[in-house]
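Here the sequence shown is numbered in my numbering, starting from 2 and rising by one per residue. Right, one structure below, let's go through it.
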Amino acid sequence: CIVLIEYSVLFQKAIVSQNPKLSKEQRMELRESKGHDMTFQRYHRYADMLRYIEHLTAAYSHLVEVVTIGKTNEGVALKVVKVSSGSASPQEGTIKPAVWIDGGMHAREWISPAVVMYVLKQLVERYKLNKKMVDSADWYLMPLANPDGYEYSHSTDRLWRKTRSNHDTTQTRNFGRLLWGSCEGVDLNRNWDFHWGGKGASDDPCHETYAGPRPFSEPESRAISEFLMDHKDRIKLYLTLHSYSQMWLLPWGFTSKKVPDYDDMYTMGRKAVEAISKISGTQYQIGSSTSLLYPSSGGSDDWAKGVAGIKYAYTVELRDRGSYGFLLPASQIIPTGKETFAAIKSIARAIVCKT
2 CIVLIEYSVL
12 FQKAIVSQNP
22 KLSKEQRMEL
32 RESKGHDMTF
42 QRYHRYADML
52 RYIEHLTAAY
62 SHLVEVVTIG
72 KTNEGVALKV
82 VKVSSGSASP
92 QEGTIKPAVW
102 IDGGMHAREW
112 ISPAVVMYVL
122 KQLVERYKLN
132 KKMVDSADWY
142 LMPLANPDGY
152 EYSHSTDRLW
162 RKTRSNHDTT
172 QTRNFGRLLW
182 GSCEGVDLNR
192 NWDFHWGGKG
202 ASDDPCHETY
212 AGPRPFSEPE
222 SRAISEFLMD
232 HKDRIKLYLT
242 LHSYSQMWLL
252 PWGFTSKKVP
262 DYDDMYTMGR
272 KAVEAISKIS
282 GTQYQIGSST
292 SLLYPSSGGS
302 DDWAKGVAGI
312 KYAYTVELRD
322 RGSYGFLLPA
332 SQIIPTGKET
342 FAAIKSIARA
352 IVCKT
């Protein structure tokens, strides 16, 4: 018990050193000078992200719109930021394409929501530099898909992965109440209704890859799926950001079989990977989830491809390859953001901007 306490203390100290806190004075100074306290030099809480989004909405109302698509199990609003110049489709008589990017589906992967926020900053605050990208497509960004779990990973358990729901599993499966009664959360990236409950997903509520008592049992996955279905005819590129491994992953996750248009998806993914290498030298692998990582049924990218019919649906595993793992220092937020944005620009140009 003493060893566990000492380990916990050391672990928490390491987290603090890798994610320096802002003093009250620093926060006040930032809010007075910028209108928000988003720095990209530390991992921010959800409230900070929302303040920054509110700032962008007020300062760039011609570009930014915020949509609430639902609420979490704990009643927290699920926010999607739409970035659009309002211009018509680049090709007359066609529907204006759209791009979707989400982060934070797994609570402990702090770098992914930070990078989505970085991408948001580039699209909005540097619109003049990225005008063609924004004018050619509508951008839907969801920085944090799992706010409950993310906040819990900040306040209580740094390596928490799942949501914070509490399902009565005895009603849906033959688990004993005494054995499973204390386990909480569902792996949000195993909860999608496409080959749900297959390989790489667990029916054990205490397991990190617990798929839930049923598909879309979580309000988060349900809300996102409904939004994607409402816009599926326009969304040409779906990106879900995770960490870690430095991989650009193609469906399928539920089987080792390749998607029918694997070569086309690979070619587009290769553009993104090459853009990352060009800007920073960081090396990413590219391939299917099952070939590079492991089977993972019920994932969002498989659903986006197989159900919503979004042709280019990828999971992006961000930095690093394991030296820090989930505890990536905050000093790597900006470098990771820069190379990821370069990748997104490259693949978006090829898919929706036609340049």
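The beta carbon of each residue, even a glycine, is placed where N, CA and C say it ideally should be.
Lys135 by DSSP, collapsed to three states: which one?
-> Against the sequence shown, residue 135 aligns to sequence position 134. One point to set straight first is that residue 135 is Val, not Lys, in the sequence displayed. Val135: helix per DSSP, three-state reduction.
Three-way DSSP call (helix, strand, coil) for Leu79 in this model | For the purposes of this step, residue 79 is taken as residue 78 along the sequence shown, with counting starting at 1. Strand at Leu79.
Take every Cβ of the segment 292 to 309, pair it with every Cβ of the segment 75 to 86, and state whether three or more of those distances are shorter than 8 Å.
-> no
Quick one: measure Cβ to Cβ for Asp194 and Trp304, integer angstroms, because I've assumed they're closer than 8 Å.
-> The residue you call residue 194 lines up with position 193 of the sequence shown. The residue you call residue 304 lines up with position 303 of the sequence shown. Right, their Cβ atoms sit about 7 Å apart.
Three or more beta-carbon pairs under 8 Å between the segment 52 to 69 and the segment 120 to 131, yes or no?
-> yes
According to DSSP, is Thr95 helix, strand or coil?
-> Counted from its first residue, the sequence shown places residue 95 at position 94. Coil at Thr95, not helix or strand.
In the segment 238 to 311, which residue ranges form an unbroken beta strand (DSSP E) of at least 3 residues, counting only runs that do not cross its ends?
-> 248 to 251 and 286 to 289
Backbone secondary structure at Val187 - three-state DSSP = Sequence index remark: in the sequence shown, residue 187 carries index 186 (1-based). DSSP places Val187 in coil when its eight states are reduced to three.
If you compare alpha carbons, which of Gly282, Arg350, Gly338 and Ala343 is closest to Gln42?
-> The residue labelled residue 42 in the question sits at position 41 within the sequence shown. Nearest option by C-alpha distance: Gly338.
Own chain, CB closer than 6 Å to Ser85, minus 5 neighbours either side, in chain order = As a first step, residue 85 is located in the sequence shown; it is residue number 84 there, counting from the start. Contacts found: Asp139.
Can you name, in chain order, every residue of its own chain whose Cβ lies under 7 Å from the Cβ of Lys200, other than the five neighbours on each side?
-> As a position in the sequence shown, residue 200 is number 199, starting the count at 1. For Lys200, where only same-chain residues beyond five positions count, the Cβ hits under 7 Å are Phe255, Pro296 and Ser298.
Beta bridge counterpart(s) of Tyr315 as assigned by DSSP = For the purposes of this step, residue 315 is taken as the residue at position 314 of the sequence shown. The partner list for Tyr315 (beta bridge, DSSP) reads Leu240.
Pull up the DSSP beta-bridge partners for Tyr71, would you.
-> Within the sequence shown, numbered from 1, the residue matching residue 71 stands at position 70. The residue asked about is misnamed: residue 71 is Gly in this sequence, not Tyr. According to DSSP, Gly71 bridges with Leu79.
Cα-Cα, which of Gly307, Lys272 and Ser292 is closest to Phe342?
-> Working through the sequence shown from its first residue, we reach residue 342 at position 341. Residue Lys272 is the option with its Cα nearest to Phe342.
Answer with buried or exposed for Thr283, where buried requires no fewer than 16 other C-beta atoms within 10 angstroms of its C-beta.
-> Looking up residue 283 in the sequence shown gives position 282. By the neighbour-count rule (16 or more Cβ atoms within 10 Å), Thr283 is buried.
Cβ neighbours of Asp234 in the same chain (closer than 7 Å, five flanking residues each side left out) = Within the sequence shown, residue 234 is the residue found at index 233, counting from 1. Once the five neighbours on either side are set aside, the close Cβ partners of Asp234 are Ile96.
Residue interval of the alpha helix (DSSP H) (run including Met50) | Here residue 50 refers to the residue found at position 49 of the sequence shown. First-last of the alpha helix (DSSP H) with Met50: Tyr47 to Ala60.
Classify Glu110 as helix, strand or coil using the three-state DSSP reduction.
-> As a first step, residue 110 must be located in the sequence shown, where it is residue number 109. Here Glu110 sits in coil by DSSP.
Close Cβ partners of Tyr263 (< 7 Å) along its chain, the five nearest in sequence each way excluded | As a first step, residue 263 must be located in the sequence shown, where it is residue number 262. Within the same chain, Tyr263 has close Cβ partners Leu251.
DSSP three-state call for Leu145: helix, strand or coil?
-> As a working note, residue 145 is residue 144 in the sequence shown. Reduced to three states, the DSSP call for Leu145 is coil.
Between the CA atoms of Leu229 and Lys83 - distance to the nearest angstrom = Along the sequence shown, one-based indexing puts residue 83 at 82. Along the sequence shown, one-based indexing puts residue 229 at 228. Looking at the two C-alpha atoms, the distance is approximately 13 Å.
Looking at the structure shown, is Asp103 part of a helix, part of a strand, or coil, going by DSSP?
-> To locate residue 103, count along the sequence shown from 1; it is residue 102. Reduced to three states, the DSSP call for Asp103 is strand.
How big is the Cα-Cα spacing for Val65 and Leu130?
-> Looking up residue 65 in the sequence shown gives position 64. Looking up residue 130 in the sequence shown gives position 129. So the alpha carbons of these two residues sit roughly 16 Å apart.
What residue does the alpha helix (DSSP H) around Leu229 start on, and which one ends it?
-> As a working mapping, residue 229 is identified with position 228 in the sequence shown. Start and end: Pro220 to Asp231.
With Glu340 and Ile277 assumed to form a contact (beta carbons below 8 Å), what rounded beta-carbon distance in angstroms separates them?
-> Your numbering for residue 340 matches position 339 in the sequence shown. Your numbering for residue 277 matches position 276 in the sequence shown. Rounded, the Cβ-Cβ distance is 5 Å, consistent with contact.
For Tyr53, which of Arg32, Lys22, Lys72 and Val68 has the nearest alpha-carbon?
-> Within the sequence shown, numbered from 1, the residue matching residue 53 stands at position 52. Nearest of Arg32, Lys22, Lys72 and Val68 to Tyr53, Cα basis: Arg32.
How is Ser332 classed by DSSP in three states: helix, strand or coil?
-> Here residue 332 is taken as the residue at index 331 of the sequence shown, counted from 1. If DSSP states are grouped into helix, strand and coil, Ser332 belongs with the helices.
Excluding five sequence neighbours on each side, which residues of the same chain lie with their C-beta closer than 8 Å to the C-beta of Val135?
-> Here residue 135 refers to the residue found at position 134 of the sequence shown. These residues qualify, in order along the chain: Leu64, Val84, Ser85, Ser86, Leu124 and Tyr128.
Which residues in the same chain as Pro220 place their Cβ atom closer than 7 Å to its Cβ, once the five residues preceding and following it in sequence are excluded?
-> Position 219 of the sequence shown holds residue 220. The answer, listed in chain order, is Gly71, Lys72, Thr73 and Asn74.
Who are the Cβ neighbours of Leu142 in its own chain at under 6 Å, not counting the five residues just before and after it?
-> Residue numbering aside, residue 142 sits at position 141 when the sequence shown is read from its first letter. Cβ neighbours of Leu142 beyond the five flanking positions: Val82, Ile102, Val117 and Leu121.
Buried or exposed: which applies to Pro261, given that a residue is buried once 16 or more other Cβ atoms fall within 10 Å of its Cβ?
-> As a position in the sequence shown, residue 261 is number 260, starting the count at 1. Counting Cβ neighbours within 10 Å, Pro261 comes out exposed, since fewer than 16 surround it.
If I'm right that Met248 touches Ile352 with Cβ under 8 Å, what's the distance once you round it to whole angstroms?
-> Translated into positions along the sequence shown, residue 248 becomes position 247. Translated into positions along the sequence shown, residue 352 becomes position 351. Actually they do not touch by this definition, with Cβ atoms about 20 Å apart.
Thinking just about the alpha-carbon of each residue, which of Thr157, Ser137, Tyr61 and Glu110 is nearest to the one in Arg320?
-> Here residue 320 is taken as the residue at index 319 of the sequence shown, counted from 1. Closest option to Arg320, Cα to Cα, is Glu110.
To the nearest whole angstrom, what separates the beta carbons of Ala160 and Pro114, a pair I think is in contact under 8 Å?
-> Reading the sequence shown from its first residue, position 159 is the one you call residue 160. Reading the sequence shown from its first residue, position 113 is the one you call residue 114. Looking at the sequence shown, residue 160 is not Ala but Leu. So it is not a contact: roughly 16 Å between Cβ atoms.
If you run the structure through DSSP and keep just helix, strand and coil, what is Glu152?
-> Stepping through the sequence shown from its first residue, residue 152 is reached at position 151. DSSP places Glu152 in helix when its eight states are reduced to three.
Just the C-alpha distance for Trp253 and Ala314, rounded to the nearest angstrom, thanks.
-> Numbered from 1 along the sequence shown, position 252 holds the residue referred to as residue 253. Numbered from 1 along the sequence shown, position 313 holds the residue referred to as residue 314. If you take the alpha carbons of Trp253 and Ala314, they lie about 10 Å apart.
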